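So in the numbering used here, spot 18 of the sequence shown is number 18, and the numbers just go up one at a time. A short worksheet on the structure shown next.
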Amino acid sequence: MYAQFQKSYYYREQSEPCFYPIDFKQDAPLVVIDCSRQGEDILKGGAVDIRVEFETKKAVQANTTAHCLILHDRLVKYNPLTSTVRVI
Numbered sequence: 001m002y003a004q005f006q007k008s009y010y011y012r013e014q015s016e017p018c019f020y021p022i023d024f025k026q027d028a029p030l031v032v033i034d035c036s037r038q039g040e041d042i043l044k045g046g047a048v049d050i051r052v053e054f055e056t057k058k059a060v061q062a063n064t065t066a067h068c069l070i071l072h073d074r075l076v077k078y079n080p081l082t083s084t085v086r087v088i
């Protein structure tokens, strides 16, 4: 799925994965959720709640960090002190 993201985001004819499958599983388990193909009525309704759950064969190590990158076509300003998000 994340190889297809390159195609839609960068408008490329061909997409190539950045990792071989074994490297992907071991070093960079990425999840791409492309909401750009949703109907406008869904996206105009305000926030889109996304919840991702992982099932793993082994316990996740302590102090593991998950990161989230959200790409959106609107500019917003985030204030970390107040946790407010304002559309610019």
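Think of the CB as a built atom: it goes at the ideal place given N, C-alpha and C, for glycine as much as any other residue. Source: prediction; values computed, not measured.
Residue i, DSSP secondary structure in three states
i, result
"Y11", "coil"
"K58", "coil"
Residue i to residue j span [Cα, whole Å]
i, j, result
"Q71", "E53", "Per the sequence shown, the amino acid found at residue 71 is Leu instead of Gln. Cα to Cα, the separation comes out at about 20 Å."
"I22", "A28", "10 Å"
"F5", "T82", "33 Å"
"D49", "I33", "12 Å"
"L75", "R86", "9 Å"
N- and C-terminal bounds of the alpha helix (DSSP H) containing residue i
i, result
"F24", "21–27"
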